[in-house]
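Going letter by letter, the sequence shown gives residues 1 to 667 in full-length UniProt numbering. Scroll down for the structure; my scribbles are underneath it.
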Amino acid sequence: MAKEGDAVVPKKRKPESAETSNGGSEVKQPKTNVDEKKSNSAGIYQRVTAFEEKEALTRDSTTDLEQYRLLCKEFSDHICKISDLMTTKPDGWAEEVKERRIEVGLLTVYMKKLNRVEKIRNKNSRENVTKKRQQVDVSQLQLQNLMCEIQHLSREVDKCLCFKSKPLGVDLVPVEEFFAEAPETISRPETTKSDDHQLLLARLEWELFQRKELSILCSKLDEKKKSLSSQINKKQCDLDGLAPLIKEVLTVTKPLQDKLGYTACSALKSDKASFLPHCLYFLYIQASAYRDASDENIAIEINGNEDLAREVMKQQTYSGNKESISSGDESDCVEVERAPKREVFDKFEKKRERLLEKHPLTVTIKLTFKDESYLSLEFCYLLKLNIMTVMPSLNLANSQLKGSEAGECLQNRNVLSQLYAGDDGTESPNVSNHYQLNEVGLASLDTQKLGFPYVWVQKIGGLDFTSAIDGTVEPKMETSKASIPDVIKVIKRRVRCRIALIKQIISLENKNVIGPPAMKSVKLTSSIKSWKSISWEEFREHPASAHLDEASVSPHDMVYHALIVRGKVKLIVLTVVKCDYPMVPPIYALQIEWNDKVLNGSNSDRVVDMEREVNVYWKELTEDPTWSATLILYQVHRLITMFDIFLECNDASRFSAEKKTFLHPHK
């Protein structure tokens with residue numbers, strides 16, 4: 001039962017079909033009436049739908065939206081009012097609820113109609129958009145087709161314009177020479193002298209005839225060259241085969257030499273050479289041969305304890321060296337695991353000493369230069385690591401380096417560093433050494449004690465680790481012979497450039513700055529106050545170097561700090577000099593300190609422009625054949641000039657025009 005006061009809502013009954021319950025009898029309606037009802041209802045639906053579609057095209061969507069909002073508000077008000085009436089139940093509330101329910105129903109019908117109209121409107125909009133989009137796609141395809149046709153026509157036009165109707169790039173003989181040398185069957189003077197076109201064809205025919213003859217001659221010369229080359233190679237093979245034969249003869253006659261008391265090999269010119277390891281022996285032989293043939297300013301000698309070298313030769317040979325290492329290492333590992341901590345430390349120390357053991361003999365090569373400066377190279381061989389190292393020492397003649405910052409250039413760690421690209425001598429070229437060092441607790445070699453294992457050092461000793469098989473490398477005389485000449489030339493060039501660099505640094509320390517001849521008329525107002533060497537850490541911490549890429553500078557470079565002043569304004573110059581100067585020019589980082597302002601490459605475009613002038617356009621200062629001896633001086637001179645211009649342009653009242661720097665155009 002419904003509660004008292006609630007509005008009675010009539011229940012919807014199921015529409016009766018063709019059946020009635022009157023008297024329990026059933027009466028069937030004719031089938032034609034049912035079909036007519038269905039057709040009538042379908043027709044009404046179609047008419048209503050068509051009407052609403054037409055109405056959707058004429059109605060304003062904004063007005064419908066406002067009406068829909070008002071209907072929603074009115075619908076909400078009716079619902080709230082019905083809820084209040086059913087809660088409070090005043091007099092006549094049931095009838096009022098019934099009326100409001102009717103109003104709500106009408107509002108719902110109207111809102112449904114607006115919803116249908118909006119859906120029809122959206123459907124029409126989507127259909128219009130789809131239609132327009134198809135039209136745009138068709139236009140786009142037509143445009144693309146036209147563009148393709150234009151490109152095709154442009155290419156065809158370019159082909160027509162680039163068509164070579166004349167023999168371009170062919171240097172024909174002069175006309176007089178053509179008539180003098182060409183036979184009449186080709187020159188045809190009776191025709192060609194009056195017809196330029198026939199003359200051109202005849203000259204082309206003569207050019208073709210000459211080139212065919214030259215081609216035949218070139219083929220004959222190539223055959224002759226190949227024949228001579230094969231003969232040279234055969235003789236070279238015969239000469240190369242003499243070296244092992246001579247070595248075998250010396251080995252066979254060694255007992256006879258010992259019995260006769262003659263322990264020296266006359267071919268080596270040294271009584272210690274026979275005790276050298278193979279790589280040092282090859283280096284000694286090839287360096288001596290190069291000295292005798294090309295350079296008398298090279299001195300070669302063997303240093304070390306001959307008795308210890310003799311003992312090393314007796315104890316083990318080169319081929320059995322690695323087996324003794326591995327077996328010794330394994331026994332050491334077993335003993336270390338069972339021994340106390342103190343003994344473990346001693347075992348590791350002994351094992352480390354054995355791993356880093358040097359051969360008792362060393363080969364020293366001394367290169368002397370015209371100014372009596374010399375470079376001493378001491379080569380040694382590490383028995384267990386199977387690599388060679390070098391300890392360079394550069395000594396200048398009549399040098400005044402005491403207390404000078406130029407001494408940084410003489411340190412053995414950078415004298416020969418980067419002699420070849422990527423070869424800084426900090427890591428061993430023998431890959432197996434990395435694991436051998438890790439076993440004894442070492443990350444790398446102590447180059448200050450053992451020397452620098454450059455790749456070129458291995459090659460002049462006959463060791464080529466790039467062709468290693470199963471981690472083993474045998475020294476070869478051919479590798480040493482092919483490497484010695486080029487290495488010595490590169491070393492000499494490096495030393496000459498390093499001496500020139502030292503002289504420039506000394507000049508800057510003495511505040512002597514010279515400029516190129518074209519800048520002699522320029523008067524410098526600013527002056528250099530100091531030039532000193534700084535560490536890599538100080539360089540990286542300085543604000544002026546913050547914008548430099550780490551790929552352009554490295555800890556192996558030499559870094560200097562210069563101070564240029566004018567009045568109270570300071571210009572700080574950080575100079576990075578590569579080890580392979582002048583093949584790679586110095587890199588400059590600048591910072592200007594003016595009152596409370598600090599300008600550098602990170603916050604000032606003018607400072608960047610000044611850096612660009614010396615870092616990018618340095619080749620303008622290399623017109624002098626001896627530019628390697630003046631490049632840094634010229635660059636510092638240019639920096640001082642630019643600093644004067646910067647100050648005079650930014651504060652003309654303070655930096656008077658009497659001292660103004662004038663630049664003259666380069667003619």
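A virtual CB, placed ideally from N, CA and C, is assigned to each residue, including glycine.
Rounded separation between Val138 and Gln144 - CA only: The sequence position of residue 138 within the sequence shown is 138, counting from 1. The sequence position of residue 144 within the sequence shown is 144, counting from 1. Going by the C-alpha atoms only, they are around 10 Å apart.
Start-end ranges of the beta strand (DSSP E) lying completely within the region 521-572, minimum 3 residues: 527-534 and 558-566
Proximity below 9 Å, CB of Gln67 to CB of Leu114: As a first step, residue 67 is located in the sequence shown; it is residue number 67 there, counting from the start. As a first step, residue 114 is located in the sequence shown; it is residue number 114 there, counting from the start. The answer is yes: Cβ separation under 9 Å.
Whole alpha helix (DSSP H) elements within the region 46-122, 4-residue minimum: 61-88
Glu593 (DSSP reduced to helix, strand or coil): As a working note, residue 593 is residue 593 in the sequence shown. It is a strand residue.
With 16 other Cβ atoms within 10 Å as the buried cut-off, status of Val363: Residue 363 sits at position 363 when you count from the first residue of the sequence shown. The residue is buried, with at least 16 neighbouring Cβ atoms inside 10 Å.
Three-way DSSP call (helix, strand, coil) for Ile514 in this model: Locating residue 514 in the sequence shown gives position 514, counting from the first residue. Coil.
Limits of the alpha helix (DSSP H) - the one that Tyr284 falls within: By 1-based counting over the sequence shown, the position of residue 284 is 284. His278 to Ala293 is the span of the alpha helix (DSSP H), which, as asked, contains Tyr284.
Contact check, Gly462 vs Cys237, beta carbons under 9 Å: In the sequence shown, the residue the question calls residue 462 occupies position 462. In the sequence shown, the residue the question calls residue 237 occupies position 237. Not a contact, by the Cβ cut-off of 9 Å.
Reduced DSSP secondary structure (H/G/I, E/B, other) of Pro392: Here residue 392 refers to the residue found at position 392 when the sequence shown is read from its first residue. Of the three classes helix, strand and coil, the one that applies to Pro392 here is strand, per DSSP.
Identity of the residues DSSP links to Val577 by a beta bridge: Along the sequence shown, read from residue 1 onward, the residue named residue 577 stands at position 577. In the DSSP output, where bridge partners are listed per residue, Val577 has Met558.
Close-in-space but distant-in-sequence residues of the same chain around Leu508 (CB under 6 Å, 5 per side omitted): Sequence index remark: in the sequence shown, residue 508 carries index 508 (1-based). Contacts found: Trp531.
Distance CB(His556)-CB(Ile534) smaller than 9 Å: Walking along the sequence shown from the start, residue 556 turns up at place 556. Walking along the sequence shown from the start, residue 534 turns up at place 534. Cβ atoms of His556 and Ile534: not closer than 9 Å.
Cβ neighbours of Gly23 in the same chain (closer than 8 Å, five flanking residues each side left out): Your numbering for residue 23 matches position 23 in the sequence shown. Note on Gly23: pLDDT 43, under 50, position unreliable in the model; the coordinate value appears next. Answer for Gly23: no residue qualifies.
Buried versus exposed, by CB contacts within 10 Å (16 or more), Asn414: Within the sequence shown, the letter at position 414 stands for residue 414. The residue in question, Asn414, is buried, as its Cβ has 16 or more Cβ neighbours within 10 Å.
Cβ-based neighbour list, Phe655, same chain, cut-off 7 Å, excluding 5 preceding and 5 following: What you label residue 655 is simply residue 655 of the sequence shown in a count that begins at 1. Counting only Cβ-Cβ distances below 7 Å, and skipping sequence neighbours, we find Leu647 and Glu648.
Residue range of the unbroken alpha helix (DSSP H) whose run includes Leu501: Against the sequence shown, residue 501 aligns to sequence position 501. Per DSSP, Leu501 belongs to the alpha helix (DSSP H) from Met477 to Glu509.
Which of helix, strand or coil DSSP assigns to Ser376: For the purposes of this step, residue 376 is taken as residue 376 along the sequence shown, with counting starting at 1. DSSP places Ser376 in strand when its eight states are reduced to three.
Euclidean distance between Cα positions of Ser294 and Ser483: For the purposes of this step, residue 294 is taken as the residue at position 294 of the sequence shown. For the purposes of this step, residue 483 is taken as the residue at position 483 of the sequence shown. If you take the alpha carbons of Ser294 and Ser483, they lie about 15 Å apart.
Closest residue to Met388 among Thr58, Cys579, Gln411 and Leu361 (Cα-Cα distance): As a first step, residue 388 must be located in the sequence shown, where it is residue number 388. Checked all of Thr58, Cys579, Gln411 and Leu361; the closest Cα to Met388 is Leu361.
Sufficient close CB pairs (3 or more, under 8 Å) joining the region 210-218 to the region 183-198: no
Contact under 9 Å by Cβ, Asn438 with Asn386: In the sequence shown, counting from the first residue as 1, residue 438 sits at position 438. In the sequence shown, counting from the first residue as 1, residue 386 sits at position 386. No, these two residues do not count as a Cβ contact at 9 Å.
Given 8 Å, three or more beta-carbon pairs between the region 149-160 and the region 172-181: no
Given 8 Å, three or more beta-carbon pairs between the region 367-385 and the region 494-508: yes
Where the alpha helix (DSSP H) through Val607 begins and ends: Against the sequence shown, residue 607 aligns to sequence position 607. Note, Val607: alpha helix (DSSP H), Asp605 to Asn615.
Limits of the alpha helix (DSSP H) - the one that Asn412 falls within: Residue 412 sits at position 412 when you count from the first residue of the sequence shown. Looking at the DSSP string, the run of the alpha helix (DSSP H) that includes Asn412 is Asn412 to Val415.
Bounding residues of the beta strand (DSSP E) (the contiguous stretch that carries Ala299): If you number the sequence shown from 1, residue 299 lands on position 299. Segment Ile298 to Gly304, the beta strand (DSSP E) holding Ala299.
Cβ pair Leu574, Val559 closer than 9 Å: The residue labelled residue 574 in the question sits at position 574 within the sequence shown. The residue labelled residue 559 in the question sits at position 559 within the sequence shown. Yes, these two residues count as a Cβ contact at 9 Å.
Residue closest to Pro485, alpha-carbon to alpha-carbon, out of Ser417, Asp624, Leu283 and Ser230: Position 485 of the sequence shown, counting from 1, holds the residue named residue 485. Cα-wise, what sits closest to Pro485 is Leu283.
Span of the alpha helix (DSSP H) around Thr641: Here residue 641 refers to the residue found at position 641 when the sequence shown is read from its first residue. Per DSSP, Thr641 belongs to the alpha helix (DSSP H) from Leu631 to Asn650.
Residue range of the unbroken alpha helix (DSSP H) whose run includes Thr622: In the sequence shown, counting from the first residue as 1, residue 622 sits at position 622. Note, Thr622: premise wrong, no alpha helix (DSSP H); not H, not E.
Whole-Å CB distance - Ile564 paired with Ile528, under 8 Å assumed: Walking along the sequence shown from the start, residue 564 turns up at place 564. Walking along the sequence shown from the start, residue 528 turns up at place 528. Going by Cβ atoms, the distance from Ile564 to Ile528 rounds to 5 Å, so yes, they are a contact pair.
Segment contact, 8 Å Cβ cut-off, at least three pairs: the region 49-57 with the region 85-98: no
Bounding residues of the alpha helix (DSSP H) (the contiguous stretch that carries Leu361): The residue labelled residue 361 in the question sits at position 361 within the sequence shown. No alpha helix (DSSP H) contains Leu361, which is instead part of the beta strand (DSSP E) from Leu361 to Thr368.
Nearest candidate by alpha-carbon position, reference Asp596, set Lys570, Glu205, Leu256 and Leu204: Start at 1 with the first residue of the sequence shown, and residue 596 comes out as number 596. Out of Lys570, Glu205, Leu256 and Leu204, Lys570 has the C-alpha closest to the C-alpha of Asp596.
Own chain residues within Cβ distance below 6 Å of Lys511, not counting five before or after: What you label residue 511 is simply residue 511 of the sequence shown in a count that begins at 1. Once the five neighbours on either side are set aside, the close Cβ partners of Lys511 are Ile528.
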